[in-house]
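Line by line, the protein sequences are chains A and B.
Each residue of the first sequence is one higher than the last, beginning at 1 in this note's numbering.
Each residue of the second sequence is one higher than the last, beginning at 272 in this note's numbering.
Beneath this line is the structure, given in structure tokens, with notes to follow.
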Amino acid sequence: MRRAALACGVAALLFFAAFPFAWMITTAFKPSNEIFVSPPVFFPRTYTLDNLAHLFQQTRFATYLANSVLVASSTVLLTLAVAVPGAYGLTRFRFRGRETISATILFTYMFAPIMIIIPFYVLMRALELVNTHFGLVLAYTAFCLPFALWLLRTFFQSIPLELEEAAMTDGASRAQTVLRVLLPLALPGVVATGTFTFILAWNDYIFARVLLSADELKTLPVGIADLYNASVVDWGMIMSAGMLVLIPVLVVFLVVQRYLVAGWGAGGIKG
Amino acid sequence: MAKLVLRGVRKRFEDRDAVCGMDLEVVDGELLVLVGPSGCGKTTTLRIIAGLEDATEGEVWIGGRMVNGVAPKDRDVAVVFQNYALYPHMKVFDNIAFGLRMRGTSRDEVRRRVEAAAALLGIMELLERRPAQLSGGQRQRVAMGRAIVRQPQLFLFDEPLSNLDAKLRAQMRTEIKRLHLSLAATTVYVTHDQVEAMTLATRIVVMNAGRIEQIGAPAELYSHPATRFVAGFIGSPAMNFMPCLLRTNGAGLAVEIEGATLLPVPSSREPAYRAHAGRRLIFGLRPEHLAERAHGAPAEAVLSIEIEVVEPQGIDTMAIGRVGATELCARLPGTSSARRGARLSLSADMKQMHLIDPETDQVIR
């Protein structure tokens, strides 16, 4: 009885969450006359790929997609390149103000993007980085870094220091210790941090909106939003764009989920 | 293999000294055990030798080279950690091979040496497993394999057996001893377990509160402890301590303990004790130097207790009672018929007695 109630609840939640996506996907394959039919139909009577074709033929969707992939991947690489050494320092060295720094990092994450976007714009303009992908990557990195540091710090803390000490007495330099022992063990944490960063950069609208104006530089969220600005809003096309945006995120999740779920398990250390 | 020398090594942590001014020489091939209660600075000393901590003051010399400021990887020491510290993401083979690979040893040489070490430790069939698939004793062996495969100048063991159950601990203890006899490697071994220290050590360093209490061979520490701490720490069950008055007794000396008869001091000890006659001191005697007095035997040095607790241990039976206000433990043969509540008359082997100056905690010699 309780299981049945639980199942009903889960089903309701799932429906609530998944229905808009399902509607988006079916709409992407509907011819335009079916999109506005009343009463609405869920499954198209005739499936069409016209919407997808229009998307690539009539808009710069392919450019936006390439921009998004470039910006999101660069953000992941840059964030990890800064956060991994940063979190290592915060967990492996004793220095004055270490705890203050950690607390401040979390505090800075509490600012909503909308609060810092204007100062960011001013800063980027001064650096002449407005309207460049590099500027956008820098902005995303700055925004993701507090959380990335905090997450990695927690992961690094959970890895026993003895393992690194064993490696160092075994003849490994500090860099080798990090590469051969710490990072393989912290892989789930690094992957989680990378995934988080990727999704944040992939989905962001506001930074891209403010920092980029040249059409050929736009990322997907901005590019798709601008499809509404056409005199005739082509819903079928917009829905197929939405569907395509989901695909890379799904792929990322499918690839990394096994790292997220399984660590190496205990065993090297007793206790 | 090499000689290890510590000169005036001190380690300060924020507000207290973990190690205060340690001087030590470990000769080539020796197995030196650092023993003491937790927090006595023994592990810190080991970490300073390994280079995992920097000494606040003092010098560390390994094989004639001062290694202060030298990174752990360049000290040519191997550490066996308390919780093994095996790399969980590597197979046993790779765990053992790690140190060799870090030093750029050739593939064939790595294989040959890992297999030789594994054969020596009896873990050949485990080489393809991961640490998570091993039992505690097996992990311990892998950790030792990782240390010996590199043939370092110095072995450092940090309480390697404290995570094992009693039976396995005894077995591994024997194996470590056998290993040391066959490799003749200079070794520093840290433990809080005095039995481990006694069985393994060439020499023992007893530490307390960051200081060396005494250095000596196991038998020497047992028979001639220098301080009250060493007297109480070495030996199990611990030595009995009783407040006493040392007084002249005719031509000789005797120990007067509240609630007991006078215990005559053997004449061989008189020259050392004479100067302390009339002082209040601590009388120390090990449980094994008390024996059940046979009926009608001469009442030379007798301590009488009412038995409160009997602890049979197979070969021995511990009888615990009180003399005056002080607890006294006697180690009796396993065949003893001692019963709780019975009165027990014990004859003390006064040749084994110790007197401790309560002001300095030094054993009077």
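Just so it is clear, CB atoms sit at the ideal spot from N, CA and C, and this is done for glycine as well.
Next item on the list: State the CB to CB distance for the pair L392/B and G407/B, rounded to an integer number of angstroms; the pair is presumed to be in contact (CB under 8 Å).
Entry: Taking the first residue of the second sequence as 1, we reach residue 392/B at position 121. Taking the first residue of the second sequence as 1, we reach residue 407/B at position 136. About 14 Å separates the two Cβ atoms, so there is no contact after all.
Next item on the list: Let me know if K218/A comes out buried or exposed under the rule of 16 or more other beta-carbons within 10 Å of its beta-carbon.
Entry: Counted from its first residue, the first sequence places residue 218/A at position 218. Buried.
Notebook entry, point to check: Which of helix, strand or coil does DSSP assign to N479/B?
Noted result: On the second sequence, position 208 is the one that residue 479/B refers to. Here N479/B sits in strand by DSSP.
Margin query: Please identify the residue among L516/B, G503/B, G567/B and A565/B whose C-alpha is closest to the C-alpha of R550/B.
Written below: The residue labelled residue 550/B in the question sits at position 279 within the second sequence. Measuring from the Cα of R550/B, the nearest candidate turns out to be L516/B.
Note to self: I'd like the list of long-range same chain contacts for Q465/B, defined as Cβ closer than 7 Å, with 5 residues on each side in sequence excluded.
What the structure shows: The sequence position of residue 465/B within the second sequence is 194, counting from 1. Closer than 7 Å at the Cβ level, and outside the excluded window around Q465/B, lie V306, F504, I505 and S507.
Note to self: Counting only beta-carbon separations shorter than 8 Å, does Y259/A have a partner in chain B?
What the structure shows: If you number the first sequence from 1, residue 259/A lands on position 259. By this cut-off, Y259/A is not an interface position.
Check: Would the beta-carbon of G312/B fall within 8 Å of that of M510/B?
Finding: Residue mapping note: residue 312/B aligns to position 41 of the second sequence, counting from 1. Residue mapping note: residue 510/B aligns to position 239 of the second sequence, counting from 1. Against a cut-off of 8 Å, the Cβ pair of M510/B and G312/B comes out as no contact.
Notebook entry, point to check: Quick one: what does DSSP say L533/B is sitting in, helix, strand or coil?
Noted result: Locating residue 533/B in the second sequence gives position 262, counting from the first residue. Looking at L533/B - three-state DSSP - the assignment turns out to be coil, as it is neither helix nor strand.
Notebook entry, point to check: Taking three-plus beta-carbon pairs below 8 Å as touching, is the stretch 206-224 of chain A in contact with the stretch 56-63 of chain A?
Noted result: yes
Item checked: Contact set for S240/A: own chain, Cβ-Cβ below 7 Å, skip 5 residues either direction -> The residue you call residue 240/A lines up with position 240 of the first sequence. A28, N51, L52 and L55, listed in sequence order.
Check: Which term fits R125/A, buried or exposed, when burial requires 16 or more other beta carbons within 10 angstroms of its beta carbon?
Finding: As a first step, residue 125/A must be located in the first sequence, where it is residue number 125. The residue in question, R125/A, is exposed, as its Cβ has fewer than 16 Cβ neighbours within 10 Å.
Next item on the list: Return the bridge partner residues of N511/B from the DSSP annotation.
Entry: Along the second sequence, one-based indexing puts residue 511/B at 240. Answer by DSSP bridge pairing, in chain order: L556/B.
Check: What are the start and end residues of the beta strand (DSSP E) that includes E328/B?
Finding: Within the second sequence, residue 328/B is the residue found at index 57, counting from 1. Unbroken beta strand (DSSP E) run through E328/B: E328 to I333.
Item checked: C-beta contact flag for L303/B and V501/B at 8 Å -> The count along the second sequence starts at 1 and reaches residue 303/B at position 32. The count along the second sequence starts at 1 and reaches residue 501/B at position 230. No, Cβ-Cβ distance for L303/B and V501/B is not below 8 Å.
Item checked: Continuous alpha helix (DSSP H) stretch holding E34/A: start and end -> Within the first sequence, residue 34/A is the residue found at index 34, counting from 1. Segment S32 to I35, the alpha helix (DSSP H) holding E34/A.
Next item on the list: Say whether chain A places a C-beta atom closer than 8 Å to the C-beta of G416/B.
Entry: Here residue 416/B corresponds to residue number 145 of the second sequence, with the count starting at 1. Answer no: the Cβ-Cβ gap between G416/B and chain A never drops below 8 Å.
Note to self: Quick check on DSSP: helix, strand or coil for S271/B?
What the structure shows: Residue 271/B is absent from the model: chain B starts at 272 and stops at 636.
Item checked: Where F42/A sits in the DSSP three-state scheme -> Reading the first sequence from its first residue, position 42 is the one you call residue 42/A. Coil.
Margin query: Would you say A18/A lies against chain B (beta-carbon separation less than 8 Å)?
Written below: Reading the first sequence from its first residue, position 18 is the one you call residue 18/A. No, its Cβ sits nowhere closer than 8 Å to a Cβ of chain B.
Check: If you compare alpha carbons, which of F364/B, G555/B, S433/B and L371/B is closest to N354/B?
Finding: The residue labelled residue 354/B in the question sits at position 83 within the second sequence. Comparing Cα positions, the closest option is S433/B.
Notebook entry, point to check: So, using beta-carbon positions, are T327/B and V461/B closer together than 8 Å?
Noted result: Taking the first residue of the second sequence as position 1, residue 327/B is located at position 56. Taking the first residue of the second sequence as position 1, residue 461/B is located at position 190. Contact flag unset, no.
Next item on the list: Could you work out which residues of chain B lie near G97/A, taking near to mean beta carbons separated by less than 8 Å?
Entry: By one-based count along the first sequence, residue 97/A stands at place 97. Result: empty, since nearest Cβ-Cβ is about 15 Å, beyond 8 Å.
Check: What number of angstroms, rounded off, separates the C-alpha of R372/B from the C-alpha of V76/A?
Finding: Within the second sequence, the letter at position 101 stands for residue 372/B. Within the first sequence, the letter at position 76 stands for residue 76/A. About 32 Å.
Item checked: Helix, strand or coil at E162/A [DSSP, three-state] -> For the purposes of this step, residue 162/A is taken as residue 162 along the first sequence, with counting starting at 1. DSSP places E162/A in helix when its eight states are reduced to three.
Margin query: Within the continuous alpha helix (DSSP H) that includes K448/B, where are the two ends?
Written below: Mapped onto the second sequence, residue 448/B falls at position 177. Run containing K448/B: A437 to L454, per the alpha helix (DSSP H) assignment.
Notebook entry, point to check: Counting only runs that start and end within the stretch 541-625 of chain B, where is the alpha helix (DSSP H) found for 4 or more residues in a row?
Noted result: 541-544
Item checked: Straight-line Cα distance separating G334/B from L427/B -> Along the second sequence, one-based indexing puts residue 427/B at 156. Along the second sequence, one-based indexing puts residue 334/B at 63. So the alpha carbons of these two residues sit roughly 15 Å apart.
Checklist line | Selection from F120/A, V181/A, F207/A and A103/A that minimises the alpha carbon distance to V222/A | finding: As a working mapping, residue 222/A is identified with position 222 in the first sequence. Here the closest residue by C-alpha is F207/A.
Notebook entry, point to check: Is it right to say W23/A is buried, meaning 16 or more other beta carbons lie within 10 angstroms of its own, or is it exposed?
Noted result: Walking along the first sequence from the start, residue 23/A turns up at place 23. W23/A should be labelled exposed.
Margin query: Taking its Cβ as the centre, do 16 or more other Cβ atoms sit within 10 Å of A488/B, making it buried, or is it exposed?
Written below: By 1-based counting over the second sequence, the position of residue 488/B is 217. Per the 10 Å Cβ criterion, exposed.
Check: For the stretch 370-388 of chain B, which residues have a beta carbon sitting closer than 8 Å to at least one beta carbon of chain A?
Finding: G370, M373 and R374
Check: If you run the structure through DSSP and keep just helix, strand and coil, what is F155/A?
Finding: For the purposes of this step, residue 155/A is taken as the residue at position 155 of the first sequence. In the structure shown, F155/A sits in a helix (DSSP, three-state: H, G or I).
Next item on the list: Can you tell me which of H451/B, A387/B, M443/B and T473/B puts its alpha carbon nearest to the alpha carbon of E296/B?
Entry: Taking the second sequence and counting its residues from 1, the one referred to as residue 296/B is at position 25. The option with the nearest alpha carbon to E296/B is T473/B.
Next item on the list: Would you tell me roughly how many angstroms separate the C-alpha atoms of L492/B and H625/B, rounded to the nearest one?
Entry: Locating residue 492/B in the second sequence gives position 221, where the first residue counts as 1. Locating residue 625/B in the second sequence gives position 354, where the first residue counts as 1. Roughly 13 Å separates the two Cα atoms.
Note to self: Against chain B, with Cβ distances strictly below 8 Å, would T169/A count as a contact?
What the structure shows: The sequence position of residue 169/A within the first sequence is 169, counting from 1. Yes, T169/A lies at the interface with chain B (some Cβ there is under 8 Å from its Cβ).
Notebook entry, point to check: What residues in the stretch 559-589 of chain B have a beta carbon less than 8 Å from any beta carbon of chain A?
Noted result: none
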